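Here the structure comes first, spelled out in structure tokens, and everything after it is commentary.
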Amino acid sequence: MLLGERAVLWQFACSGYRGTFAMGQSYDGMPPQELQSRIDALQMMMARTRHDVRSALAPAMLAAEMLKANPDPKVQRSGATMVRAIERVLGMLDSTRELAPTPPPA
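13 is the number of the first residue of the sequence shown in this note's numbering; add one for each residue after it.
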């Protein structure tokens with residue numbers, strides 16, 4: 013299977029579709045149930061990674077917000093730059109939800 017086809021398959025699998033995969037057909041010889049199990053595991057890994065990165069960025073965001081409140085304009089600009097950078101990373105994390113949404117509880 014070509015790489016582009018795998019990407020389409022991954023997007024389809026992550027789209028929230030919970031019916032029989034490809035009308036009961038297998039993927040590279042893998043039974044549909046095993047494929048879905050692997051996809052669910054990857055989705056959970058991505059959800060945990062998003063959570064861990066957000067947790068690591070929380071203190072940095074707090075510090076950046078404190079810098080923005082400093083009376084010195086240079087320090088305020090540095091804090092604002094840090095806030096924008098952290099918000100960009102958080103936006104990137106949010107965009108991964110489209111590719112690998114958190115699977116529903118079993």
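Note that the Cβ used here is the ideal one computed from N, Cα and C, for glycine as well.
No experiment lies behind these values; they were computed from the predicted model shown.
Shown here for ARG50: not one same chain residue has a beta carbon closer than 6 Å to its own, the five before and five after excluded. The three-state secondary structure of ALA81, taken from DSSP, is coil.
Between the region 63 to 83 and the region 91 to 105, the count of C-beta pairs closer than 8 Å reaches three or more; the two stretches touch. With three or more CB-CB distances shorter than 8 Å, the region 56 to 71 counts as touching the region 98 to 105. In its chain, beyond the 5 residues on either side, GLN88, GLY91, ALA92, VAL95 have a beta carbon closer than 7 Å to the beta carbon of LYS80.
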